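Undergrad: Could you have a look at this structure, given as structure tokens, before my questions?
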Amino acid sequence: MIDFGIPKIEVDSNPKVIENNYIYGNMPYIAPEVLKNKYDIMTLCPFDADIFSFAMVCSKILSKRDPFAHCKRVEILKKIERGERSNLPSNSKELIDLIKEDWNLNSLYRAKFAIICERFVMLKKK
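Just add 944 to wherever you are in the sequence shown, counting from 1, and you've got our numbering.
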């Protein structure tokens, strides 16, 4: 679920996000730091990028819409880098807050998966 089976990265390799001027991955789910790093060897933490992707999947589930469904690739890139996101329903403030935290442009402000799991457990108890 994390990488949708599209791009495959070998462990201990120096993968590039872009090859032949084409970004590999499912565009609406790619973290902004990966998009900005498109010409360099990846030095970022892949889990931080996965957390962004996870938040976008959660957004799709809650809104019942694909993120940026009617946008072209270039427009999607610009929207992600500007911090534009889909509107979310207001049925669970805690869940919405978690998703918004995890699709933050700055990966340092995203929760770690262990924290996300703890918060889901707490939400389930409510």
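For glycine and all other residues, C-beta sits at the position ideal for the given N, C-alpha and C. Because the structure is a prediction, the values reported are computed rather than measured.
For residue 1012, name the three-state secondary structure that DSSP assigns.
TA: Residue 1012: coil per DSSP, three-state reduction.
Undergrad: Out of 1010, 970 and 977, point me to the one whose CA is closest to residue 1054's CA.
TA: Nearest of 1010, 970 and 977 to residue 1054, Cα basis: 977.
Undergrad: Helix, strand or coil for residue 993, going by three-state DSSP, please let me know.
TA: Looking at residue 993 - three-state DSSP - the assignment turns out to be helix.
Undergrad: Under 8 Å by Cβ, that's how I've got residue 1000 and residue 1011 pegged, so tell me the actual separation to the nearest angstrom.
TA: Correct: roughly 5 Å between the Cβ atoms.
Undergrad: Quick one: give me the first and last residue of the alpha helix (DSSP H) that residue 976 is part of.
TA: 976-980 is the span of the alpha helix (DSSP H), which, as asked, contains residue 976.
Undergrad: Alpha carbon to alpha carbon, what distance is there between residue 1019 and residue 1036?
TA: Going by the C-alpha atoms only, they are around 29 Å apart.
Undergrad: Measure the Cβ-Cβ separation of residue 971 and residue 1017 and say whether it is below 7 Å.
TA: Cβ distance < 7 Å, so residue 971 and residue 1017 count as in contact.
Undergrad: Assuming residue 1066 is part of the alpha helix (DSSP H), what are its boundary residues?
TA: First-last of the alpha helix (DSSP H) with residue 1066: 1057-1069.
Undergrad: Can you tell which of 1003, 1060, 1065 and 1030 has its C-alpha closest to the C-alpha of residue 1015?
TA: With distances taken between Cα atoms, residue 1015 lies closest to 1030.
Undergrad: Taking residue 1013 and residue 997 to be in contact with their CB atoms under 8 Å, please state how far apart those CB atoms are, rounded to whole angstroms.
TA: In fact, because the Cβ distance is near 17 Å, the residues do not count as touching under 8 Å.
Undergrad: Straight-line CA distance for residue 1006 to residue 1041?
TA: Taking the straight line from one Cα to the other gives about 13 Å.
Undergrad: Mark residue 1048 as exposed unless 16 or more other C-beta atoms lie within 10 angstroms of its C-beta, in which case mark it buried.
TA: By the neighbour-count rule (16 or more Cβ atoms within 10 Å), residue 1048 is buried.
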